[in-house]
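> Residue numbers (my numbering): 2 to 239.
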Amino acid sequence: VFRASGLTTLPSILLIGPSGSGKTSLLTLFERGTSAAQTHTSQAPISAECHLPVGTLASSDRYRSVNDPTNLRHKKFLLVDTPGHGKLRHHALASITNPQNLKGIIFVVDAATLSAGDEGLRHTADYLHDILLVLQKRTESKNKAVKALKEIPILIAANKGDLFTALPASLVKSSLEMEISKVRSSRSKGLLDSGIGMEDEGDRDEWLGEVGSTEFRFKQMEEFDVVVEVSGGNVAGG
Ligand code: GTP
Ligand code: MG
2 VFRASGLTTL PSILLIGPSG SGKTSLLTLF ERGTSAAQTH TSQAPISAEC
52 HLPVGTLASS DRYRSVNDPT NLRHKKFLLV DTPGHGKLRH HALASITNPQ
102 NLKGIIFVVD AATLSAGDEG LRHTADYLHD ILLVLQKRTE SKNKAVKALK
152 EIPILIAANK GDLFTALPAS LVKSSLEMEI SKVRSSRSKG LLDSGIGMED
202 EGDRDEWLGE VGSTEFRFKQ MEEFDVVVEV SGGNVAGG
């Protein structure tokens, strides 16, 4: 188990998502191999050096020979946990707008708080909308490192699948798409101030996804090289 210093440039994966969704629990699981007995709401980012099991092939390894000794090495990466509290989200945003070898994002949601009318759904969709918008606008950024981010995979981890109120991944996906549609149209009406975004932007288009579409779909992000996938599971309790 390592606590990495901030100096490393290992490939990094960001854990983002609303408070209480299970990000720190997931980090602990990766770091120790067992889920944490107890977590506290995070106030600062923490990162842990993790590795994939020996023999795991990354997509970049696809042209390697099966006999390549590199395959026998652990594939190291840095998992970066960020606080989900509304007032501490600048940490997560900073990790995107000032990326350190960023390879992907895991957006962790609590699948048990995403039913229609649940305020967890609104909070989650709000946050996800803002993150996706920052990624969509990255090509306009003056920051070279942000601009250089090519394709970014986002895994929406529908956590807490062990709870009986948890929605299955397919419903997590459609509920979030529906709720993001609402966020998007209310933002465009100027009813809400997004509050976040890249500071160096002027009044660029703040519309997420396909212009002119009434329903938001994650697929619309592919035009901006943001590939979203939803997958269900649970860190603890099962
Ligand atoms: P912030 O640090 O506030 O952003 O929250 P977080 O996303 O780091 O959440 P954390 O990992 O602290 O988990 C919040 C609570 O959810 C803890 O009590 C965990 O034990 C619990 N929890 C995490 N994953 C699961 C899960 O898969 N199932 C169940 N039932 N509980 C879980
Ligand atoms: Mg936490």
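Ideal Cβ placement from N, Cα and C applies to all residues, glycine included. Predicted model, so just to flag it, every value in this text is computed and none were measured.
Anyone know if the C-beta pair for Lys162 and Ala112 falls short of 7 Å?
Note that residue 162 corresponds to Gly in the displayed sequence, not to Lys. Yes, Cβ-Cβ distance for Gly162 and Ala112 is below 7 Å.
> Just mark Thr166 as buried or exposed, buried being the case when its beta carbon has 16 or more other beta carbons within 10 Å.
exposed
> State the Cα-Cα distance for the pair Gly240 and Pro19, rounded to the nearest angstrom.
The displayed coordinates of the chain run from 2 to 239. Any statement about residue 240 would go beyond what the structure contains.
> Note down, in chain order, each residue of its chain lying with its Cβ closer than 6 Å to the Cβ of Gly85, except the 5 sequence neighbours on either side.
Gly18, Pro19, Ser20
> For Val173 and Val110, what's the separation of their Cα atoms in angstroms?
9 Å
> Take Gly234 and list the residues in its own chain whose beta-carbon comes closer than 6 Å to its own, dropping the five residues that flank it on each side.
Counting only Cβ-Cβ distances below 6 Å, and skipping sequence neighbours, we find Gly162.
> Skipping 5 residues on each side, what residues in its chain have a beta carbon closer than 6 Å to that of Glu180?
Leu122, Ala126
> If you drop the 5 nearest sequence neighbours on each side, which residues of the same chain put their C-beta closer than 6 Å to that of Glu216?
Ser182
> Which runs of the beta strand (DSSP E) at least 3 residues long sit entirely within the stretch 102-141? Give them in chain order.
Correct list: 103-111.
> For Leu115 and Arg218, I'd like the C-alpha separation in whole angstroms.
Taking the CA atoms as reference points, Leu115 sits about 17 Å from Arg218.
> Is Tyr128 buried or exposed, if buried means 16 or more other CB atoms sit within 10 Å of its CB?
For Tyr128, the number of other beta carbons within 10 angstroms of its own is at least 16, and it is reported as buried.
> With three or more C-beta pairs closer than 8 Å as the rule, is the stretch 83-102 touching the stretch 139-152?
Yes: at least three Cβ pairs fall under 8 Å.
> Going by other Cβ atoms of all chains shown within 10 Å of its Cβ, with 16 needed for buried, is Asn160 buried or exposed?
Buried: at least 16 other Cβ atoms inside 10 Å.
> Mind reading off the beta-carbon distance from Ser48 to Leu94? Whole number of angstroms is fine, and I expect it under 8 Å.
Going by Cβ atoms, the distance from Ser48 to Leu94 rounds to 16 Å, so no, they are not a contact pair.
> Between Asp163 and the ligand GTP, is the CB less than 6 Å from at least one heavy atom?
Because some heavy atom of the ligand GTP lies under 6 Å away, the Cβ of Asp163 counts as near it: yes.
> Around the Cβ of Thr35, are there at least 16 other Cβ atoms within 10 angstroms (buried) or fewer (exposed)?
Looking at its Cβ environment, which holds fewer than 16 other Cβ atoms inside 10 Å, Thr35 is exposed.
> Between Ile107, Ser189, Asp206, which lies nearest to Glu230 when the distance is taken from Cα to Cα?
Ile107
> Check this for me: beta carbons of Val81 and Ser13, under 7 Å apart or not?
yes
> Going by Cα to Cα distance, which pick from His130, Lys143, Ser22 is closest to Ala158?
Ser22
> Using a threshold of 6 Å, is the CB atom of Val236 nearer than that to any non-hydrogen atom of the ligand GTP?
Flag set: Cβ of Val236 near the ligand GTP.
> So the alpha helix (DSSP H) Glu178 belongs to, where does it begin and stop?
Run containing Glu178: 170-189, per the alpha helix (DSSP H) assignment.
> Between Lys24 and the ligand MG, is the CB less than 6 Å from at least one heavy atom?
Taking non-hydrogen atoms of the ligand MG into account, the C-beta of Lys24 is found less than 6 Å away from one of them.
> Quick check on Leu53: buried or exposed, where buried means 16 or more other Cβ atoms within 10 Å of its Cβ?
exposed
> Identify whether Val67 lies in helix, strand or coil by the three-state DSSP scheme.
Coil at Val67, not helix or strand.
> With DSSP run on the structure shown, which of helix, strand or coil describes Phe217?
coil
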